[in-house]
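Protein chains in written order, with our numbering: chain A, 1 to 345; chain B, 1001 to 1345; chain C, 2001 to 2345; chain D, 3001 to 3345. The next block holds one structure in the form of structure tokens; read it before the comments.
Number of protein chains: 4
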Amino acid sequence: MVKVGIINVTGYAGMELARILSRHPEATIASVTGRSLAGKRLSDVLPHLAGLDMTITEEVTGSVDVVFSALPHQASAQKIASFLGKGVKAVDISADFRLKSLQEYKEWYHADHPCPERLEEAVYGLPELNRKEISSAALVANPGCYPTASILALAPAIKAGIIEPDVIIDAKSGVSGAGQKAELGYLFSEVNENFRAYSVDGHRHMPEIRQGLQAVSAGAKVDVTFMPHLVPMTRGILATCYAKLRPGSVGQGEKAAVDIRDLYNSFYKNERFVQVAGAPPATKQTLGANTCVVYPTLDPRANRLIVISCIDNLVKGAAGQAVQNMNLMFGLEESAGLRQLALYP
Amino acid sequence: MVKVGIINVTGYAGMELARILSRHPEATIASVTGRSLAGKRLSDVLPHLAGLDMTITEEVTGSVDVVFSALPHQASAQKIASFLGKGVKAVDISADFRLKSLQEYKEWYHADHPCPERLEEAVYGLPELNRKEISSAALVANPGCYPTASILALAPAIKAGIIEPDVIIDAKSGVSGAGQKAELGYLFSEVNENFRAYSVDGHRHMPEIRQGLQAVSAGAKVDVTFMPHLVPMTRGILATCYAKLRPGSVGQGEKAAVDIRDLYNSFYKNERFVQVAGAPPATKQTLGANTCVVYPTLDPRANRLIVISCIDNLVKGAAGQAVQNMNLMFGLEESAGLRQLALYP
Amino acid sequence: MVKVGIINVTGYAGMELARILSRHPEATIASVTGRSLAGKRLSDVLPHLAGLDMTITEEVTGSVDVVFSALPHQASAQKIASFLGKGVKAVDISADFRLKSLQEYKEWYHADHPCPERLEEAVYGLPELNRKEISSAALVANPGCYPTASILALAPAIKAGIIEPDVIIDAKSGVSGAGQKAELGYLFSEVNENFRAYSVDGHRHMPEIRQGLQAVSAGAKVDVTFMPHLVPMTRGILATCYAKLRPGSVGQGEKAAVDIRDLYNSFYKNERFVQVAGAPPATKQTLGANTCVVYPTLDPRANRLIVISCIDNLVKGAAGQAVQNMNLMFGLEESAGLRQLALYP
Amino acid sequence: MVKVGIINVTGYAGMELARILSRHPEATIASVTGRSLAGKRLSDVLPHLAGLDMTITEEVTGSVDVVFSALPHQASAQKIASFLGKGVKAVDISADFRLKSLQEYKEWYHADHPCPERLEEAVYGLPELNRKEISSAALVANPGCYPTASILALAPAIKAGIIEPDVIIDAKSGVSGAGQKAELGYLFSEVNENFRAYSVDGHRHMPEIRQGLQAVSAGAKVDVTFMPHLVPMTRGILATCYAKLRPGSVGQGEKAAVDIRDLYNSFYKNERFVQVAGAPPATKQTLGANTCVVYPTLDPRANRLIVISCIDNLVKGAAGQAVQNMNLMFGLEESAGLRQLALYP
């Protein structure tokens, strides 16, 4: 059994890790930490985990094989470095090790990178694109929620070169993506029966998406317009992605749609957690499940590829993907602990 | 492996059965039926069950050990009778075999009982009260959602005789309790940002609750005022139950609350699926889980017992409890297939 | 034109006052205050009031005839006292002047009353019960949202003596009732798809309701069990009230329901803002309107009166009723500025 | 007083017309019709309109100056034609008279145009673009909800020629846009906590938007990719619009954003119902109000104009705009009956 430490179990990603790992057949939760709630019983703080009888501590206690850090960025890298030094593997759910460029990190996170010496060895944890590297990594940077949905939506088309490398990603997220923060803007009365765009002047996930798409673009620079919106729901991301088809890259008329579907089906044919759907998906198809549903289509009038993708932002967009990464890092069955179907309705 | 047939898989209870049973370690879904959608693939109709590769048929096909009927009442009893005759066990999720009195059935369901000859052998499937009878039953009447929450909330107090047998149950349910019916009153625009009572002049679950409470009241007649309300949420029931404490039945002052908690803790101490909570519960603690959370307290100013209980109406209130009953009927571990924790947030 | 000052315009009650008063034909908003947002333009802070071109100041500026205080309790009474001393009338939306007993105030608000010398002159601003006193008052204590819905539901029955003076009020409120507070418990992700009771051990509106009912009970002591619940919606309160009918107080059989309806129709026959409904109401019938809908019925099996009432907690439960009170205090048409119909759906 | 008939008052647009017109200072509702509910009292069917004491009839009764038709397309044109023949003016809320091309009508509505002889005289009722024509029209085609939000967002940029005539409109709507139809897809349990695109292969509002933009494009053909999404909320539309800036059409660097804002401010400077916002808007700023909020910005990295616009789909997107059109047709103050501020929160 892999012994796991969850750092900052009381946030939304942390509690979702606890939920998933508590039912993992080959992992055991050895320690859970939380700052302000240290000393409390986990089942008092998070009654939906009533079966998990543990005490929240300030630091990881006992011996662990891997830590998941759900700390905020900056704090996360520092904490993780100390574990790596002791031979403990780590999955970082914060953004600290995602961007490969120190300069981009500084530009978007407004601070120097807290642990540049570990940046090179960190592997970007999108298993569908980086499975091999993840399998041998000691440090995995778990992707952001929007990047997971966006990169999986566009990677097949970018890699095949069928679209111009200038994409628009109009993304919509449930509110849990903002974390458990006591801010006025996330109050029920402010969000309910309301819809808005946010981070209109630039969101930190844009450079992460761009980096992910550039990694499969065979050198071509990719322009990304990324616009996130807040949906009055708790979980779920839907990304609607637009790009011009390159002239001649797919067949004419009805053939175009067929070619595109074939491309996507082929790209993901061995993937357990990516489903190329035959009909436009809805976020709720993924609620609680580690699935990304991808639906490619085209607007023939404007000669434009449109790809819609859906995930549960806390599962495939955070805790579930983190466990998928752990499974790879420890040579376990990739879907261990992750076979739960979506809850519907 | 127990071979299962799900009759009417396309309703909310039916699809929830498919979700749970598809991950059951000792059962296998052998056949799923649906009327208007017969011939379609289950994963096309219910894309959240994409992993389940089956075709919906009009009738149960092949050999099965047990059928779950999620048909409407009247149709359900008739269908079930045919299976019982062939030695197949049955769990009826409809209301047909719940009420023991033919007269009450007629009064509340406005029709003669469709299968009176099987009524006597039917066991009311509330495992926490009838475990032994369920274990040897061929036909189990799966309780209604409100009765599950209400009876589990009040049975300890009624049985111990600490309250007057005149209870008020003010119950609140998410909309999925109404099933997947295309009626104006359940449209999103009608329910959202809205709250109302319904069936104000009498709800069919009232006699079922009364029967369940009377079964533990040592002969005392129990009066039940039952008032259901529609909450703008999909899943979840919360019942707030009120009754006058009998003079002298519990201690004075602070002792009263302690005595009540002791009574409930003791009553449910061996129950895996009933949790006596130390703080007032919220429905979301049970989302997707087969749990009933019960919180007994009292209003000392009015000398009144108050018990709050929560369930997921589609799990402990329908499909989950049905699987719990199946487990008992086939001598399996009672919690097999039902260990999923609630999804939160 | 009545010149109005709104103290603490940036909370939910304050902004609702601004919305209503900006369209009032005989009042003009002369000054709006707010602490942390002083100096900002109202239309920048509250863009839905884009038409209102005013600057938020720290204190009321210029001359006003009346102030509405939407400050928290304690702070509110102190601020109001200074205006009363200058001959300015006041409507207090806080709880400071609602309870007539200094001792109850201390017990429930955990502090000494901040302005006991003004308490006696304060009139409880429920126009349907205290219209005459309000008309000549300089200081009106605007009722709480739950007390408005509860007292209007039960006053006719209590006054007529048809019920035992031991009532249960099971109340459900939208989240805006908690105000615009950045607390974890009111985050969208915590409230959405969730339902719970709160203040289970006692809510401050209970003594206010009891006082209001006792005022019409002809001296009889009234016991009140009050249980509030949080509904995943923004606006709206629905109270379901239960009490045993006194033997012989209403007719037998079908006559009972008729007698009860006649009593309520007669009690409210001249009231513009109370509607005795012919069918069970839903909160959304009152969204944005200054209406209380009341539906009395009975459970003949348990010989119990049930009254359901609905309001918009921010209108009839706060700002709208405050304007109704102002209209009375200044001899204006009682419905001036308050004729808006509910928004549906 | 203008005497008004509302045809099909029981749908969402019709009941919203009744709400607005019942408070209109210079119009009076003379007759309301409805098919299945004919003979019922309006206040029984729509209790939020309790103040409106009228009987629903099958046909318009008495003499009227104008009819609003909220019938489905096809039925609407036929009904309207009969009134026009009698000298009664008409505002058609259906789509029948919006598209100027009979061929496009047939292509998108799958039927021949029901009244081609009236098509030429029909004026497209977007007052901000067609005020003069509306003022002298007898027949106004009230724009669709998406077209209203989309055309108002993009018209200034298209007219000024600062963008390439190839636009993407990623639109999100509350569920009331679908009308009061008892379809499974609009049930609360299907929509709540869910988000999806729909009409992915083409939506009828696309050609209407294209026609509207082409009308201001100085002859340039405009390509429109239009993708609608369903938001789990009742009211509100937000459209996020993307287009490439034409080289040199606006200033460099920071100057670009300023130029764009100046253009929009100037375009709408005399418009009471279009508000060019200084910050990204949220749909709730428009709830119940006849306002369109427009926020133009740009993505400097991709040299792309982004315009976000919001409306209440039932007010500026339907009934409110219809009344605005009526006001113009009868020479009334354009904002008569439409001064209500948005309800927030």
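Idealized CB from N, CA, C, for every residue including glycine.
- If you look at LYS1172 of chain B, you'll find it isn't in any alpha helix (DSSP H); it sits in the beta strand (DSSP E) that goes 1166–1173.
- When C-alpha distances from ASP1201 of chain B are compared across C:THR2033, C:ALA2279 and C:VAL2004, the shortest belongs to C:ALA2279.
- A direct Cα-Cα distance of roughly 25 Å separates ASP65 of chain A from ALA289 of chain A.
- Across the structure, VAL191 of chain A and SER2189 of chain C are spaced so that their CA atoms are roughly 10 Å apart.
- Contact check for ASP53 of chain A and HIS73 of chain A: beta-carbon distance about 31 Å, past the 8 Å limit, so the pair fails to qualify.
- Taking C-beta atoms as the reference points, SER2173 of chain C and PRO2228 of chain C count as a pair closer than 8 Å.
- Excluding the 5 residues flanking it on each side, GLY177 of chain A has same chain C-beta neighbours closer than 6 Å at CYS145 and ASN313, in chain order.
- Membership of ARG304 of chain A in the beta strand (DSSP E) is indicated by the continuous run 304–311.
- Considering only B:TYR1105, B:ALA1322 and B:PRO1281, the residue with the shortest C-alpha distance to ILE1311 of chain B is B:PRO1281.
- Annotation for LEU119 of chain A: PHE97, LYS100, LEU102 and HIS113 place their beta carbon closer than 8 Å to its own, counting only its chain and skipping 5 residues before and after.
- Secondary structure of THR3291 of chain D (DSSP, three-state): coil.
- Here the alpha carbons of VAL3307 of chain D and GLY2062 of chain C stand approximately 41 Å from one another.
- In the three-state DSSP reduction, HIS2229 of chain C falls in the strand class (E or B).
- Among the residues of the segment 46–58 of chain A, those with a Cβ less than 9 Å away from any Cβ of chain B are LEU46, PRO47, HIS48, LEU49, ALA50, GLY51 and LEU52, in the order of the chain.
- Shown here, CYS3145 of chain D sits in a helix according to DSSP, grouped into three states.
- If you draw a 10 Å sphere on the C-beta of HIS2110 of chain C, you find fewer than 16 other C-beta atoms in it, and that means exposed.
- Close CB contacts of VAL1231 of chain B within its chain, under the 6 Å cut and outside five residues either way in sequence, are with LYS1172 and GLY1174 (chain order).
- When the five nearest sequence neighbours on each side are left out, the beta carbons in the same chain lying within less than 7 Å of the beta carbon of ILE2163 of chain C are those of ALA2157, ALA2243, LYS2244, LEU2245, ARG2246 and LEU2305, in order along the chain.
- Cβ neighbours of LEU3343 of chain D within its own chain (closer than 6 Å, five residues either side excluded): LEU3287 and GLY3288.
- Counting only unbroken stretches of 3 or more residues, the beta strand (DSSP E) elements lying wholly within the segment 68–147 of chain A are 89–92 and 139–141, in sequence order.
- For ALA1182 of chain B, a Cβ of chain D is located within less than 8 Å of the residue's own Cβ.
- Along the segment 3303–3320 of chain D, the positions whose C-beta sits under 9 Å from a C-beta of chain A are ASN3303, ARG3304, ILE3306, ILE3308 and CYS3310, read in chain order.
- The residue from C:PHE2226, C:ILE2237 and C:SER2249 with its alpha-carbon nearest to that of THR1240 of chain B is C:PHE2226.
- Among the residues of the segment 2162–2195 of chain C, those with a Cβ less than 7 Å away from any Cβ of chain B are ASP2166, ILE2168, ASP2170, LYS2172, SER2189, GLU2190, GLU2193, ASN2194 and PHE2195, in the order of the chain.
- For THR234 of chain A, the neighbours in chain C by C-beta distance under 8 Å run, in chain order, PHE2188, SER2189, ASN2192 and GLU2193.
- Secondary structure of ARG2272 of chain C (DSSP, three-state): coil.
- The residue from C:GLU2026, C:ALA2197, C:GLU2271 and C:ALA2220 with its alpha-carbon nearest to that of LEU1238 of chain B is C:ALA2197.
- Residue range 3320–3329 is occupied by the alpha helix (DSSP H) that includes LEU3328 of chain D.
- With fewer than 16 other Cβ atoms inside 10 Å of its own Cβ, VAL2258 of chain C counts as exposed.
- Within chain B, the C-beta atoms nearer than 7 Å to that of ARG2301 of chain C come from ASP1223, in chain order.
- The C-beta of GLN2078 of chain C has fewer than 16 other C-beta atoms within 10 Å across all chains shown, which makes the residue exposed.
- Of the other Cβ atoms in all chains shown, fewer than 16 fall within 10 Å of the Cβ of LYS3221 of chain D; this residue is therefore exposed.
- Bounds of the alpha helix (DSSP H) holding SER43 of chain A are 42–45.
- Here LEU3341 of chain D has ALA3289 as same chain residues with Cβ atoms under 7 Å from its own Cβ, once five neighbours each way along the sequence are excluded.
- Note on geometry: alpha-carbon atoms of VAL3216 of chain D and ARG1023 of chain B lie some 59 Å from one another.
- Listed along the chain, the chain D residues whose CB falls inside 9 Å of the CB of LEU238 of chain A are PHE3195, ARG3196, ALA3197 and HIS3229.
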